[in-house]
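To start, the structure itself, in structure tokens.
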Amino acid sequence: MISNGKSVAGIDIGSRTTKAVIWDGSAVLGKTLIPTGWSPEKSAQKAFDEVKGTTQIDLVERIVVTGYGRATASFADKAITEITAHARGVSYLLPGTRTLIDIGGQDSKAIMIDEEGLVFDFAMNDRCAAGSGKFLEFLAMTMDLPVADFAELAFASTDPVQISSICTVFAESEVLSLLAEGVRKENIANGVHRSIAQRVAQMAKSLHPQAPGAFSGGVARNRCMVRELSAVLGFEMQVPEMPEYAGALGAAIIALEGIV
Ligand SMILES: Nc1ncnc2c1ncn2[C@@H]1O[C@H](COP(=O)(O)OP(=O)(O)OP(=O)(O)O)[C@@H](O)[C@H]1O
Ligand SMILES: [Mg+2]
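So for the sequence shown, our numbering puts the first residue at 36; every next one is plus one.
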């Protein structure tokens, strides 16, 4: 990609975290991640100011926003969907990706990409916490663990217990009963991860997912989720570097295309 020495920004205002990157066509010059909090517009502005402050850039030529809060960022030049943004970002980081799964704090998406890197189909679950990072956080809390420790505990198990409740609240009671029965913690934690992977795979099934696969969003940092998702889909899910920034990078790539 040609930059002509110009720098642009991509901002992904997610339901949980706001990510901003500055991009010049060949390198990410700066990146920032902050909690979105109650005002998506304020966090977008803050993330932009912060990331710009970490670089030596005087002028950011264009700003493209994405994510659930994108409509609030009036200072941006353009807004694009998360589907487009994640697909662009991941296709840059992992060229050739055909099936992309994005799991964030609040929703999950399956995105199908063709040979040219264009999105041709997608499915998403934004109705229920059960297929998202929130479900993991909630059940980690039930087991009195930070989510990263919960993921590591789960990764140590190869014998996941079946968690049948789809609803977060019922899943909590199910986990508490299993703990009371003396089932090993790591097998319960692994079962929670397996159940999310199965739900996401179910959502993706009608799209006929195929390799090569990739996994983006903050939950892609969870290596038990990567393992379980790969197992239920039947092919390996690659995780790009900085998976939580894939949407912001995709927005920045599209921002630069608008000026060069
Ligand atoms: N190291 C990690 N291990 C496990 N989970 C992680 C880790 N880092 C982030 N997460 C999880 O990632 C989620 C946030 O991801 P992300 O920033 O992609 O969400 P978002 O874009 O704000 O949400 P959405 O796309 O649903 O609107 C949280 O649920 C968080 O617990
Ligand atoms: Mg997101």
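Beta carbons are placed, not taken as given, at the ideal position from N, Cα and C, and that holds for glycine.
Nearest-angstrom Cα separation, counted from residue 134 out to residue 272: 9 angstroms
Residue 208 burial status per 10 Å Cβ neighbour count (16 or more: buried): exposed
Counted within 10 angstroms of its Cβ, other Cβ atoms place residue 212 as buried (16 or more) or exposed: exposed
Candidates 196, 79 and 64, of which the one nearest residue 49 by Cα: 79
Rounded separation between residue 94 and residue 61 - CA only: 17 angstroms
Contacts around residue 256, its chain only, beta-carbon distance under 6 angstroms, and the 5 residues preceding and following it disregarded: none
Contacting residues, own chain, Cβ-Cβ under 8 angstroms from residue 210 (five flanking each side not counted): 174, 177, 178, 198, 223 and 227
heavy atom of ligand 2 below 7 angstroms from residue 282 C-beta: yes
Closer than 5 angstroms: residues whose CB approaches a heavy atom of ligand 2: 49 and 139
Ligand 4 heavy atom lying under 7 angstroms from the CB of residue 141: Looking at this structure, you won't find ligand 4 anywhere; what it does contain is ligand 1 and ligand 2.
Pick from 258, 66 and 146 that is closest to residue 184, judged by C-alpha positions: 258
Whole beta strand (DSSP E) elements within the segment 44–80, 3-residue minimum: 52–58 and 63–70
Residue 235 Cβ short of 7 angstroms to ligand 1 heavy atom set: no
Under the three-state DSSP convention, the category residue 257 falls into: coil
Exposure of residue 108, with buried meaning 16 or more beta-carbon neighbours within 10 Å: buried
Cβ-Cβ separation, residue 229 to residue 263 (assumed contact under 8 angstroms), whole Å: 5 angstroms
Reduced DSSP category for residue 214 - H, G, I as helix; E, B as strand; rest coil: helix
Classification of residue 126 by the beta-carbon crowding that lies within 10 angstroms, buried from 16 upward: buried
Closest residue to residue 158 among 182, 138 and 87 (Cα-Cα distance): 138
Endpoints, beta strand (DSSP E) assigned at residue 250: 248–251
Residue span of the beta strand (DSSP E) that contains residue 185, given as start and end: Where residue 185 is concerned, there is no enclosing beta strand (DSSP E), although the alpha helix (DSSP H) it sits in stretches over 182–190.
Residues of its chain near residue 214, where Cβ-Cβ distance is below 8 angstroms and the 5 sequence neighbours each way are ignored: 178, 220 and 223
Buried versus exposed, by CB contacts within 10 Å (16 or more), residue 153: exposed
Cβ-based neighbour list, residue 105, same chain, cut-off 7 angstroms, excluding 5 preceding and 5 following: 48 and 114
Residues bridged to residue 147 (per DSSP): 134 and 156
CA-to-CA distance, residue 65 to residue 90, given in whole angstroms: 6 angstroms
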